[in-house]
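Peer 1:
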Amino acid sequence: MDTKTTFSPAERPELVDLWNSDTDEDLVCVDVHQETHDVKTFTFASTQGKRFAFEAGQYFLFDLDVDGEPESRCYSISSSPKRRNAFSVTVKRVTGGKISNWFHDNLTVNAKVKANGPLGQFTRPNARKYLFLSAGSGITPVMAMVRELADTCEPADVVFMHAARTPKDLIFRNELANLADRVKGLRLQFLPEAVSGETNWPGLTGRISAAYMKLAVPDIAERVVMCCGPSPFMAAGRAIAGELGVSPSNYIEESFDAAAIDDADVAVVEQPATRTFQVEFSKQARKIEVAGEQTVLACAKKAGVKLPSSCSNGVCGTCKSKLVSGSVEMSHNGGIRQREIDAGLFLPCCSKPLSDLVIDR
Numbered sequence: 003m004d005t006k007t008t009f010s011p012a013e014r015p016e017l018v019d020l021w022n023s024d025t026d027e028d029l030v031c032v033d034v035h036q037e038t039h040d041v042k043t044f045t046f047a048s049t050q051g052k053r054f055a056f057e058a059g060q061y062f063l064f065d066l067d068v069d070g071e072p073e074s075r076c077y078s079i080s081s082s083p084k085r086r087n088a089f090s091v092t093v094k095r096v097t098g099g100k101i102s103n104w105f106h107d108n109l110t111v112n113a114k115v116k117a118n119g120p121l122g123q124f125t126r127p128n129a130r131k132y133l134f135l136s137a138g139s140g141i142t143p144v145m146a147m148v149r150e151l152a153d154t155c156e157p158a159d160v161v162f163m164h165a166a167r168t169p170k171d172l173i174f175r176n177e178l179a180n181l182a183d184r185v186k187g188l189r190l191q192f193l194p195e196a197v198s199g200e201t202n203w204p205g206l207t208g209r210i211s212a213a214y215m216k217l218a219v220p221d222i223a224e225r226v227v228m229c230c231g232p233s234p235f236m237a238a239g240r241a242i243a244g245e246l247g248v249s250p251s252n253y254i255e256e257s258f259d260a261a262a263i264d265d266a267d268v269a270v271v272e273q274p275a276t277r278t279f280q281v282e283f284s285k286q287a288r289k290i291e292v293a294g295e296q297t298v299l300a301c302a303k304k305a306g307v308k309l310p311s312s313c314s315n316g317v318c319g320t321c322k323s324k325l326v327s328g329s330v331e332m333s334h335n336g337g338i339r340q341r342e343i344d345a346g347l348f349l350p351c352c353s354k355p356l357s358d359l360v361i362d363r
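This note's numbering numbers the first residue of the sequence shown as 3 and each following residue consecutively.
1) Have a look at Gly244 and Ser357 and give me their C-alpha separation to the nearest angstrom.
2) Verify whether the separation of the beta carbon atoms of Arg53 and Arg86 is less than 7 Å.
3) I need the straight-line Cα distance from Ala182 to Lys114, nearest angstrom please.
4) Among the candidates Leu188, Ala165 and Ser233, whose CA atom is the shortest distance from the CA of Glu156?
5) With H, G and I counted as helix, E and B as strand and the rest as coil, what does DSSP make of His35?
6) Go through the stretch 152–235 residue by residue and report every complete run of the beta strand (DSSP E) that reaches 3 residues or more, in order.
7) Would you tell me roughly how many angstroms separate the C-alpha atoms of Ala241 and Leu349, rounded to the nearest one?
8) Shorter than 7 Å from the beta carbon of Cys155 to some beta carbon of chain C?
9) For Arg288, which beta-bridge partners are listed by DSSP?
10) What are the boundary residues of the alpha helix (DSSP H) that Leu299 is part of?
11) The beta strand (DSSP E) that contains Ser353, what's its start and end?
12) Going by other Cβ atoms of all chains shown within 10 Å of its Cβ, with 16 needed for buried, is Gly199 buried or exposed?
13) Based on DSSP bridge pairs, tell me the residues matched to Phe348.
14) Closer than 6 Å by C-beta to Leu359: which residues in its own chain qualify, once you throw out the five before and the five after it? Chain order, please.
15) Taking the alpha-carbon of Ser323 as reference, which of Ser314, Ser333, Pro310 and Phe89 has the nearest alpha-carbon?
16) Please report the distance separating the alpha-carbon of Ala421 from that of Thr297.
17) Indicate the three-state DSSP secondary structure (helix, strand or coil) for Phe105 in the structure shown.
18) Can you check whether the CB of Ile173 is closer than 7 Å to the CB of Val91?
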C-alpha cells in the first residue's frame, strides 16, 4: 500500500514562506524583555507566520502612528540571523525621545506594527580577526554578529569592546559573559565612563583613547573594526583606528545614528546660485526657498523647520514625508519602497526640488 509522508512547517522550515521586504510589512510583538533599567528588547514575528532572511548588522524601519502622527524610526536587529522565525530589536529609552519612549510605554505582547526591512549594509566581511567597537545602544548590530558566531560555531578571533556610562548601563552584560565561555575566541572589554552603582568595578574606566586601545587591543592594525554608537563615539573610533594603523578599508561603521541627529549635526553646504523653488510645510505654516541643487532637508534644517531625520542620505527613511504637490528628484538608498513613492511619499534628505512643493509636515 502506498503511503504519503507529510511534513509540518516546524519539521520542514523551508516550506514556510519567506518575508518579502517589497510586499510584507505587518509584524506582531511576541515578547518584551527588560535588559537594563532603561533598555528593552522587543521581539517580532510575521503576522502570517513567514520567516525572515537577514544578515547580522541590518535593521528594520518601523512605520508607526504616534499620537495621530506618522513617524518612522530605524532599529538594528539584535538577534541572530540563524533564528529566522522572529527577530529582535533592542531600544534604549531616551530622555525626550518620542519614539523610544513610545516603544517602552506602549508596545506590548500581541501589539501589531508595520515595518520595512531588512535594510542596511553594516554587515561583517570575512576576516581572520575582528574588533567589535560599540557604545550605548550601538551594541545591537554587533551583538547580532556575536550571537551568529555562537549559533554557527564559527571559529572566531573577536575583541568585543563596549562603552557605557556606568556598569548598570552595559547592555547584554551577563549574556556576553556567558557567550565568552562558549565562543573560545571571544574576548570582552567593557569600558564604563564612571563606576557609580558598582564601586568594586574590577576594570578600567573612562573613554576610548589611543592609549587604551594599544593596551586592550595591541594587534588592532590586523583587525577589521566594526563600529556602531553615537556619532561622536564613531568619530573618535575612526580617528583612533586610523592613528593605530587600521586600514580605511578595514574600518566599517554604521551609516545612521540610532538616535535622531541634532539640527547642528546636519551639514548644509552652500551651493552655486541656481533656480530656486518655494517649499511649503503645510502643518507648520512655513515657507522656505530651496535651490534646485540643494536637498529639501538641508534647507529645512537651516531654516529651523522641524523635520525628523537620522542618516541624511536616503538609507533609514526617518524623514519620510507626504508630498502634497510638486515634484522632486530623489536619489535614495533603500529607505523608501516603490509603493510608498507611488502613494506620494518621498525622502526630503535625498530629494531636490523640480518645482514648487507643498509638504504635509
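Note that CB positions come from ideal geometry on N, CA and C, so glycine has one too. Predicted model, so just to flag it, every value in this text is computed and none were measured.
Peer 2: This is what the structure holds:
1) Cα to Cα, the separation comes out at about 44 Å.
2) yes
3) 35 Å
4) Leu188
5) It is a strand residue.
6) 160–166, 188–194 and 226–230
7) 31 Å
8) Considering every chain present, this structure includes no chain C. It has just one protein chain.
9) Note: Arg288 sits in a beta bridge opposite Phe283.
10) Val298 to Ala305
11) Segment Ser353 to Pro355, the beta strand (DSSP E) holding Ser353.
12) exposed
13) Ser323
14) The beta carbon of Leu359 sits closer than 6 Å to those of Val281 and Gly328, all from its chain and outside the five residues before and after it, given in chain order.
15) Pro310
16) Only positions 3 to 363 of the chain appear in the structure, and residue 421 is not among them; the question remains open.
17) When DSSP states are grouped into helix, strand and coil, Phe105 belongs to the helix group.
18) Cβ distance not < 7 Å, so Val91 and Ile173 don't count as in contact.
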